[in-house]
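Notes for the one structure printed next.
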Amino acid sequence: MIYRIAETTSTNDDAKRPEYRHGDIVWAERQTAGRGQRGHSWTSPEGENLTFTLVLEPVFLPVGEQFLLSEAVTLALTDTFAAFGIDARIKWTNDIYVGDKKLVGILIEHSYSGPTLARTIAGIGINVNQRAFDPALPNPVSMAVASGRTFDRREVLESFHACCMGRYDQLVRGEKAALQEEYRKRMYRLGETHPYRRPDGTLVEAVLEGVRPSGELILRHADGTRHAYLFREIEFVIAGKS
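Following this note's numbering, the numbering of the sequence shown begins with 17 at its first residue and continues without gaps.
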């Protein structure tokens, strides 16, 4: 079920309440303390975009396989955009890009029950109809800018919900390898050579080859060696983005 509210601090915080169950979406027109990856804040003009959180209860999934949920959610987003004529790619770990511009930001949080997951909340911000952006934002894009048309936001949200439940059902059926391969094929910059930045600021030229089942990014360096990087161990270098 989709629950729409006018204003809240954070839909991720709201979605942690017990009254929200598996498959529910908490959609807010305005968040006063929205959060993104790396501790960044998330703001959005009212009435133009989508800021919401999806609740999942993947009690069958071992803790060590939690990255499958990131794969399911991001694939569902690319499925959604494809249905609206937009070719989007998954930028590791949890962003969606059109070209070199960011269309979606995602923050996924898990809770656990012993060896398995108990609850997953996926906070998602989609730039839908926004056309003017804060110049301080490095590389944003919206569905409207990418396609030249305006969208019904609820239609977009309902499409995502259907796509995500379909991807989740793949996990329930045990189709993990197929999901992982589809994720790899839709990765941003797959098979391309680009610079990447290490935490100490040094750059390395590498080819993006994929991702491990546990979520580490696989890069092939210029000397032919392959390295696997955790989140925060490597950063994409993108023109126009500091």
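Even for Gly, the Cβ is constructed at its ideal location relative to N, Cα and C. Since the model is a prediction, treat every value here as computed from it, not as a measurement.
C-beta contact flag for residue i and residue j at 8 Å
i, j, result
"Tyr36", "Val71", "yes"
"Asn155", "Asn65", "no"
"Ile106", "Thr69", "no"
"Glu225", "Arg202", "no"
"Ile140", "Val120", "yes"
"Leu206", "Arg213", "no"
"Thr96", "Cys179", "yes"
"Asn28", "Leu123", "yes"
"Ile18", "Leu219", "no"
"Phe100", "Phe167", "yes"
Straight-line gap, residue i to residue j (C-alpha atoms, nearest Å)
i, j, result
"Gln53", "Asp239", "With a pLDDT of only 47 at Gln53, under the threshold of 50, the placement of this residue in the model should not be trusted; the figure read from the coordinates follows. Answer to the nearest angstrom: the Cα atoms are 31 Å apart."
"Ala98", "Pro34", "33 Å"
"Arg46", "Asn110", "22 Å"
"Lys117", "Ile254", "9 Å"
"Asp103", "Gly39", "26 Å"
"Glu249", "Gly231", "12 Å"
"Val157", "Ala49", "22 Å"
"Asp30", "Thr24", "8 Å"
"Met159", "Glu171", "13 Å"
"Glu81", "Pro229", "7 Å"
"Arg5", "Gly115", "Absent from the model: residue 5. The displayed extent of the chain is 17 to 258, so no value can be given."
"Gly63", "Arg236", "43 Å"
"Val227", "Glu125", "20 Å"
"Gly217", "Trp108", "19 Å"
"Asp185", "Asn143", "26 Å"
"Ala152", "Leu246", "27 Å"
Neighbour-count burial assignment, residue i, 16 or more Cβ in a 10 Å radius
i, result
"Tyr204", "buried"
"Ala148", "exposed"
"Leu233", "buried"
"Ser26", "buried"
"Ser129", "exposed"
"Ala92", "buried"
"Val89", "buried"
"Pro74", "buried"
"Ala22", "exposed"
"Glu197", "exposed"
"Val79", "exposed"
"Ala259", "What is shown of the chain runs 17 to 258, which leaves residue 259 out entirely."
"Ala44", "buried"
"Arg189", "exposed"
"Arg183", "buried"
"Arg20", "exposed"
"Arg165", "exposed"
Residues near residue i in its chain [Cβ-Cβ closer than 7 Å; skip 5 each side]
i, result
"Glu221", "Thr209, Pro211, Ala238"
"Leu84", "Leu77, Leu187, Lys192, Leu195"
"Pro61", "Gln146"
"Ser127", "Ala134, Arg135"
"Pro131", "Pro78, Val79"
"Lys32", "Ile137"
Contact with chain C by residue i, beta-carbon distance below 8 Å
i, result
"Thr24", "Reference to chain C is not applicable here, since this structure consists of a single protein chain."
Residues of its chain near residue i, where Cβ-Cβ distance is below 8 Å and the 5 sequence neighbours each way are ignored
i, result
"Thr94", "Ala104, Arg105, Ile106, Ile112, Arg202"
Same chain only: Cβ atoms within 6 Å of residue i, ignoring 5 sequence neighbours per side
i, result
"Arg169", "Leu66, Val144"
Would you mind listing the alpha helix (DSSP H) stretches within the segment 144 to 193 that are 4+ residues and don't spill past its ends, in chain order?
159 to 163, 169 to 188
Any beta strand (DSSP E) of 3 or more consecutive residues that is wholly inside the segment 66 to 118:
66 to 72, 105 to 107, 111 to 114
Restricting to runs no shorter than 4 residues, where is the alpha helix (DSSP H) found entirely within the segment 189 to 233?
192 to 201
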